[in-house]
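Undergrad: Questions regarding the structure given below will be posed in turn.
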Amino acid sequence: MRPLVAGNWKMNGLRASLDVSRDVCSALARGDVSADVMIAPPATLLMAMVGVCAGSNVSVAGQDCHTAKSGAHTGDIAAEMLRDAGATAVIVGHSERRTDHGETSALVHDKAAAGHRAGLMAIICIGETQAERHAGQTLAVVASQLAASLPPSCDARNTVIAYEPVWAIGTGLTPTVDDVREVHGAIRRDLETRFGSAGSAMRILYGGSVKPENARSLMSVAHVNGALVGGASLKAQDFLDIIAVCET
Ligand code: PGA
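Following the working numbering, the numbering of the sequence shown begins with 428 at its first residue and continues without gaps.
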């Protein structure tokens, strides 16, 4: 399966940071890149980054979207607007949205459906908290988030799942390879049960403190089909090193 490496810049980056995407595009200016590469910048940089990345091997994604096409929703961005700005994907249900903005899986489901309606790929994030892991609830939490967050419009082309244990995001902590194998295997089985062959072909990314140093072991796990990278995607060389691992 062709891996996807997506960089999530979160609320980081001023115009000068476009140089990072420029560097990534030039380093990947070859015909044989064997991974899909994507950057999700803050909304303020999205159109400019689409310009920087035009004609390159790097595509651009939004970090969130509203469920409606337009309307009185101050501060929000419609999936159609992301698409109009040149994005090809949108991240939905990131744990920081679920925590900071109280987003439920039901809302994430509707946001993913909005992304599909606009012709965007939805990168749907799920993952347990530290307390849930300690309570032995990881698989149950992931299964229920998966069941509730994925709309019926999901297929292998328009949907990517990102498993991101909340306690691993931005902390430098990562689950063991065995833990990642267990969760990704369970996600794959759930996807196949619900979506059949599309579920076998849907990519499942690992996210949470992916760095050049740990990427190889994490990416070698069965049913890990790429990475969602936060902090390390802000540095071109670190991001490129992770992409190189995913390409092999
Ligand atoms: P991190 O973030 O790589 O900085 O841990 C990952 C994410 O939140 O997508």
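Virtual Cβ for every residue (Gly too), placed ideally from N, Cα, C. The model shown is predicted, which means the values in this text are computed figures rather than measured ones.
DSSP state of Leu655, grouped into three classes?
TA: By one-based count along the sequence shown, residue 655 stands at place 228. Residue state, collapsed to three classes: strand.
Undergrad: Using three-state DSSP, classify Ala495 as helix, strand or coil.
TA: As a first step, residue 495 must be located in the sequence shown, where it is residue number 68. Coil, per DSSP.
Undergrad: Verify the contact flag: Ile553, CB atom, against every heavy atom of ligand 1, threshold strictly below 8 Å.
TA: Position 126 of the sequence shown, counting from 1, holds the residue named residue 553. Outside the cutoff, so no.
Undergrad: Distance check for Asn435 and Leu655, CA to CA, integer angstroms please.
TA: Along the sequence shown, one-based indexing puts residue 655 at 228. Along the sequence shown, one-based indexing puts residue 435 at 8. Those two C-alpha atoms are separated by around 7 Å.
Undergrad: Restricting to runs no shorter than 4 residues, where is the alpha helix (DSSP H) found entirely within the region 564-614?
TA: DSSP runs (the alpha helix (DSSP H)) wholly in the region 564-614: 565-576.
Undergrad: Take Val651 and list the residues in its own chain whose beta-carbon comes closer than 8 Å to its own, dropping the five residues that flank it on each side.
TA: As a working note, residue 651 is residue 224 in the sequence shown. Counting only Cβ-Cβ distances below 8 Å, and skipping sequence neighbours, we find Val607, His611, Ile631, Leu632, Tyr633 and Leu645.
Undergrad: Hey, quick one: how far does the beta strand (DSSP E) through Val487 stretch, first residue to last?
TA: Position 60 of the sequence shown holds residue 487. Where Val487 is concerned, the enclosing beta strand (DSSP E) stretches over Val485 to Gly489.
Undergrad: For Met465, which beta-bridge partners are listed by DSSP?
TA: Within the sequence shown, numbered from 1, the residue matching residue 465 stands at position 38. According to DSSP, which records beta bridges pairwise, Met465 is partnered with Ala433 and Ser486.
Undergrad: For Val519, which residues does DSSP report across the bridge?
TA: Within the sequence shown, numbered from 1, the residue matching residue 519 stands at position 92. BP columns for Val519 point to Ile551.
Undergrad: Check whether the Cβ of Thr598 lies closer than 8 Å to any heavy atom of ligand 1, and answer yes or no.
TA: Here residue 598 refers to the residue found at position 171 when the sequence shown is read from its first residue. Yes, ligand 1 has a heavy atom inside 8 Å of this Cβ.
Undergrad: Going by the C-beta, is Gly657 closer than 8 Å to any heavy atom of ligand 1?
TA: Taking the sequence shown and counting its residues from 1, the one referred to as residue 657 is at position 230. Yes; taking the cut-off as 8 Å, the Cβ of Gly657 has a heavy atom of ligand 1 nearer than that.
Undergrad: Taking Cβ to Cβ, would you say Ser444 is nearer than 9 Å to Val485?
TA: What you label residue 444 is simply residue 17 of the sequence shown in a count that begins at 1. What you label residue 485 is simply residue 58 of the sequence shown in a count that begins at 1. No, these two residues do not count as a Cβ contact at 9 Å.
Undergrad: Can we count Asn652 as close to ligand 1, meaning its CB is less than 8 Å from some heavy atom?
TA: By 1-based counting over the sequence shown, the position of residue 652 is 225. Asn652: no, Cβ never under 8 Å from ligand 1.
Undergrad: Is Arg457 helix, strand or coil when you go by DSSP?
TA: Here residue 457 is taken as the residue at index 30 of the sequence shown, counted from 1. Of the three classes helix, strand and coil, the one that applies to Arg457 here is coil, per DSSP.
Undergrad: Since Gln490 and Ala512 should fall inside the 8 Å C-beta cutoff, what is the C-beta to C-beta distance between them, to a whole number of angstroms?
TA: Counting from one through the sequence shown, the residue named residue 490 turns up at place 63. Counting from one through the sequence shown, the residue named residue 512 turns up at place 85. Incorrect: roughly 13 Å between the Cβ atoms, too far for contact.
Undergrad: Assuming Arg544 contacts Ala506 (C-beta within less than 8 Å), just tell me the rounded distance between them.
TA: Within the sequence shown, the letter at position 117 stands for residue 544. Within the sequence shown, the letter at position 79 stands for residue 506. Yes, they are in contact, since the Cβ atoms of Arg544 and Ala506 sit about 7 Å apart, within 8 Å.
Undergrad: Comparing the CB of Lys662 with every heavy atom of ligand 1, is any distance shorter than 8 Å?
TA: The sequence position of residue 662 within the sequence shown is 235, counting from 1. No, the beta carbon of Lys662 sits no closer than 8 Å to any heavy atom of ligand 1.
Undergrad: Can you tell which of Ala470, Thr501 and Ile588 has its C-alpha closest to the C-alpha of Ala488?
TA: Here residue 488 refers to the residue found at position 61 of the sequence shown. Closest by alpha carbon: Ala470.
Undergrad: Taking 8 Å as the line, does the beta carbon of Glu530 fall inside it for any heavy atom of ligand 1?
TA: Here the question's residue 530 lines up with position 103 in the sequence shown. No, Cβ of Glu530 sits at least 8 Å from all heavy atoms of ligand 1.
Undergrad: Check whether the Cβ of Glu640 sits closer than 8 Å to any heavy atom of ligand 1, and report yes or no.
TA: By 1-based counting over the sequence shown, the position of residue 640 is 213. No, the beta carbon of Glu640 sits no closer than 8 Å to any heavy atom of ligand 1.
Undergrad: Of the choices Ser461, Asp617 and Leu509, whose alpha-carbon is the least far from that of Glu674?
TA: For the purposes of this step, residue 674 is taken as residue 247 along the sequence shown, with counting starting at 1. Comparing Cα positions, the closest option is Ser461.
Undergrad: I need the DSSP call for Ala505, collapsed to helix, strand or coil.
TA: Residue mapping note: residue 505 aligns to position 78 of the sequence shown, counting from 1. Reduced to three states, the DSSP call for Ala505 is strand.
Undergrad: Under 9 Å, do Leu667 and Leu455 count as touching if we go by C-beta distance?
TA: In the sequence shown, residue 667 corresponds to position 240, counting from 1. In the sequence shown, residue 455 corresponds to position 28, counting from 1. Yes.
Undergrad: Reducing DSSP to helix, strand and coil, say where Gly416 ends up.
TA: Look at the range of the chain in this structure, 428 to 675, and you will see that residue 416 is not part of it.
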